[in-house]
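Enquirer: The numbering used here applies: residue 1 is where the sequence shown begins, and numbers increase by one. Below is a structure I'd like to ask you about.
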Amino acid sequence: MNRHLSLVTALDMSLLEVLQLIGYSTGAALHLWMGALLWRRRRVLISIERVLLALTVGFGAWHASNLIIALHGMLGLERERWAILLRLADTVAVLAITLSYSFLLHVHLHLWAGANKRGLKPNERLRVYLSYIPA
């Protein structure tokens, strides 16, 4: 009977926890699925698609890492026992979101140039390279 009560207590989730669980799991699944679709075609990808691959994998890694951290908190697991995994998940999340800004700028400049039926201008190419420096 105590086991049943502890399971019911464990499933009692706040609205924030429900949103985290749904948002992070859906975000990770969708982005990693799109990344897998692009990865299968990696030998024939054009440059913009390679950047999109990096962007989708980065967003998927961010969502998956935050899902791990959120699940740890929801399940009430010991922090000391899971410290290495939590640090790794936090590191991946920070790296992924940091690089995502550069990937987004890179993709948008390529899309802007493609919409105007031209390649990247030298100043746009410079902005792409400079955007990766802080990351």
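Yeah, the Cβ is synthetic: ideal placement off N, Cα and C, and Gly gets one too.
Specify the secondary structure class of residue 135 as computed by DSSP and reduced to three states.
Expert: Residue 135: coil per DSSP, three-state reduction.
Enquirer: Just confirm the distance between the C-beta atoms of residue 67 and residue 28, as a whole number of angstroms; I'd bet it's less than 8 angstroms.
Expert: Yes, they are in contact, since the Cβ atoms of residue 67 and residue 28 sit about 6 angstroms apart, within 8 angstroms.
Enquirer: If you compare alpha carbons, which of 48, 42, 39, 23 is closest to residue 115?
Expert: Nearest option by C-alpha distance: 48.
Enquirer: With H, G and I counted as helix, E and B as strand and the rest as coil, what does DSSP make of residue 78?
Expert: Note: residue 78 maps to coil in three-state DSSP.
Enquirer: Does the beta-carbon distance from residue 109 to residue 128 come in below 7 angstroms?
Expert: Taking 7 angstroms as the Cβ cut-off, residue 109 and residue 128 qualify as a contacting pair.
Enquirer: Which same chain residues end up closer than 6 angstroms to residue 90 when comparing Cβ atoms and leaving out the 5 residues on each side of it in sequence?
Expert: Here the set comprises nothing.
Enquirer: With three or more C-beta pairs closer than 8 angstroms as the rule, is the stretch 84-104 touching the stretch 35-43?
Expert: No contact exists between the stretch 35-43 and the stretch 84-104.
Enquirer: Going straight from the alpha carbon of residue 131 to that of residue 121, what length do you get?
Expert: Their Cα atoms are separated by approximately 15 angstroms.
Enquirer: Could you give the first and the last residue of the continuous alpha helix (DSSP H) run that contains residue 87?
Expert: Run containing residue 87: 83-115, per the alpha helix (DSSP H) assignment.
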